[in-house]
Structure formats: structure tokens, C-alpha cells
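In terms of this note's numbering, the sequence shown opens at residue -6 and continues consecutively.
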Amino acid sequence: MPREQPQFKIIRIRGAYRHRATRAAVLTAILQRKLLVDDMQRNFDDLRKRWHAVLQSLAESNWKPLLDAEGDLSTRNLQFMRDCPPFSVVTADKRRTCNRDRICPFCYARRNVMRPFVRMERVLYGPNSNSFRVAGPGSKALPVLRPDLTLIAFRLTLKNGTAWLKTKLTPKTLPDHWEAAKDYIRRNRQYERGFEPEYSSSQIHLCPKPDRIELRRSGIMLVKIAPEKVVATLKRQGMQAIALKPCKKSLFEATTFAFRYPEDIFSKGTNPVMRARLLEIMSSTRLKSWCGIVKDEDGDAKDTYEE
Ligand SMILES: [Zn+2]
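So this is what it looks like as C-alpha cells:
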């Protein structure tokens, strides 16, 4: 018997900066509206509707993760991804996450926004980084352990002038575009290292446009050297960049700026067949990079630009 469809009724909205960052980076990006606490149920319901519509178009485009061994639509897989649980809120229904974080907005928030936030937060505040205050009598705000570091956030979207892409984008030429994008990544993967950041987390996101792949490269870094120099160098490379003092509020601003969900991949204007093929082609490549951060249980903190 099929399981009842979960309603994900919100019991509690989590208020810490890390959770607010996921909402600002994903809900605001996709829904394109100001988030009011009283509207959170509607916001998540609307996001789920959008996700279901994207899944439907991926199903119609024969996206492999939605097919069974015979190549037919797997309603089980579809249902599993439809029921991926929301983030940053506590809900009555519990479900397993689908882990398709390149497209699923819920997993994107958990993996691509929350994770870098929490890791940088641990660097700045130590293992009890989730508290705001030192426990005990006379408690005061949790001290920043590394006030000597500056938080830098950067973002570059290559919309035009992508000279490294010459051919017209079609389902057939998509692998060539993907190769060109990877080549760009390889050539630039040492880029952040140039600033000798003590810690960095960067991501690459791709989105098929009618005639090209749009590529977004973004990240956050904790640097010791003169931050104005770093920002000036990044801007010379055509990037948007900001320097912030190391604190929780800055981490909120930095992650929201750098790791905003690439909403174009969700938009109705995106060719659904191209989107499905691009997601398949990208499946063997990890596009997240970490530096300076100790590997944790899930093993995801390695430098993962390599295929
Ligand atoms: Zn998911």
C-alpha cells in the first residue's frame, strides 16, 4: 500500500543564523519574495509545489535517476524525491533525504549552504559553535576564537564572453560544453589557494541556457592577509566580492551571497531535456572544494574537484 503523502506541517521554525542562511539562500532565491515568519508554511508548501513541477519535467525528460531497470518511470523513485523533507524547520512528518543536492532545493540547503556555514562557524567559535553564549553564571556572548581572520565571500557568474565555449548548445554538444566547463574549473582550481586562505569552501554550479551553459563560481574564505587586497584582486577578475569581520551574522551574509541556489535551473525557461541531460553528465563529478577543514564522519571535507 502506498504511504500517505506527507504534509510536512511546521511545528517550529529554527532561528539560528545557520538556518536563516538556508532560507535566505534557497527559499528567497526560488520564490523571489521576502520571507515572513508567519508565511513559512506557505513558503515551504510553494517550494514543494515548484520542486514537484521540476521533478515532473525531469520525469518527462527521462532523467535516469527516475527510471527503473527497464527504463520506465519508477514511481517509487519519484515519490522518494517528491517527499524529501524541508530544512531549517521541525515538522511532524519525517522522511529520508534524497541527497540529489545539485537540483533538490531541500538537500541543496542542507549540503551546500548549511554545511559550509557550520564548518566555518566551528573554526570561529570552536566545537560548541551552535550556542550563542558561554554556559554558566555570568554568561556572555561566545567569543570569536580567531578574530585575526577576515571572512571573504565571492561570486562570479559567466553569462557572456565565455570564449571557451564555441559550439552551439544542443543535447548532442552538451558533453563538449561540460568538458569545456571542467577545463575552466581545472585551470582555476588553484585560484583561491593563491590567497593562502586558512579555510575555504567553494562551489561551481552550472545551468543550461538556450545557447550555452551558464557557470557560477562562488565561495567563502577565511584569510589572514590584508582583506582589501584580496577583494581588489577578486574584483579585477570580474568577481563580486565582500570582506566581513568574522562573526555569525557575517557568516549568514557570506553564505547567502555565495551559495544562493542557482534559481535559473529551476525556472520554467530552462529547457527540461537539457537540464536532465546536464544533471546526468555531471553525475560523476564533484564540484565542491574544501581547504583547511578537517574531514568529518561523512568524508565530504576533502578537496573534491577531482573526478
Ligand atoms: Zn532532497
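Even for Gly, the Cβ is constructed at its ideal location relative to N, Cα and C.
Computed from a predicted model, the values in this text were never measured in an experiment.
Tell me which same chain residues have a C-beta within less than 6 Å of the C-beta of residue i, skipping the five on either side of it?
i	result
Q(-2)	none
R210	L149, I197
A22	R253, Y254, E256
V223	I145, F188, V216
M267	P201
With residue i as the anchor, note down where its beta strand (DSSP E) starts and where it stops.
i	result
F147	143 to 151
R270	No beta strand (DSSP E) contains R270, which is instead part of the alpha helix (DSSP H) from 265 to 274.
T68	Here T68 belongs to no beta strand (DSSP E); instead the alpha helix (DSSP H) covers 68 to 75.
C200	192 to 201
With distances taken Cα to Cα, identify the nearest neighbour of residue i among the options.
i	options	result
R13	L138, A269, T249	T249
N36	V82, Q72, F147, N70	V82
A207	S54, K261, H170, A62	Reading off the sequence shown, one finds Glu at residue 207, where the question assumed Ala. When each option's Cα is compared against that of E207, the closest is H170.
L151	A174, T166, G131	A174
P109	A247, G262, K261	A247
K202	G212, P265, S243	P265
L167	K27, L24, I6, R270	R270
A251	K238, S193, R179	S193
M232	L66, F147, D65	F147
M214	T160, M267, T143, D204	T143
A44	K228, D86, Y101	The question names Ala, but residue 44 is Trp in the sequence shown. Taking only the C-alpha atoms, the option nearest W44 is Y101.
Y177	K242, S243, T90, L199	L199
I6	E172, Q25, D32	D32
Using C-beta distances below 7 Å, list every residue in its chain close to residue i, excluding the 5 sequence neighbours before and after it, in chain order.
i	result
C240	V137
G154	Unreliable positioning characterises G154 in this predicted model, as indicated by a pLDDT of 46, which lies under 50. A coordinate reading is not provided.
T84	F1, K2, I3, I4, P78
S132	R126
R180	none
K228	A234
A128	none
D204	K161, L162
Less than 8 Å between the CB atoms is what I'm expecting for residue i and residue j, so what's the real figure, rounded?
i	j	result
R95	M275	7 Å
R75	L48	6 Å
V116	A18	That belief does not hold up - the Cβ atoms of V116 and A18 are roughly 20 Å apart, past 8 Å.
R16	E114	Going by Cβ atoms, the distance from R16 to E114 rounds to 17 Å, so no, they are not a contact pair.
W56	E273	7 Å
S67	D61	4 Å
L40	L51	Not a contact, Cβ separation roughly 16 Å.
C91	F73	6 Å
For a test of your reading of the model: does the CB of residue i fall under 6 Å from any non-hydrogen atom of ligand 1? Yes or no.
i	result
T84	no
C240	no
F99	yes
T90	yes
C200	no
Establish whether the CB of residue i and some CB of chain B are separated by less than 7 Å.
i	result
G64	The displayed structure is made up of one protein chain only, and chain B is not part of it.
For the alpha helix (DSSP H) containing residue i, name the first residue and the last one.
i	result
A251	241 to 251
L208	Where L208 is concerned, there is no enclosing alpha helix (DSSP H), although the beta strand (DSSP E) it sits in stretches over 206 to 216.
A46	33 to 53
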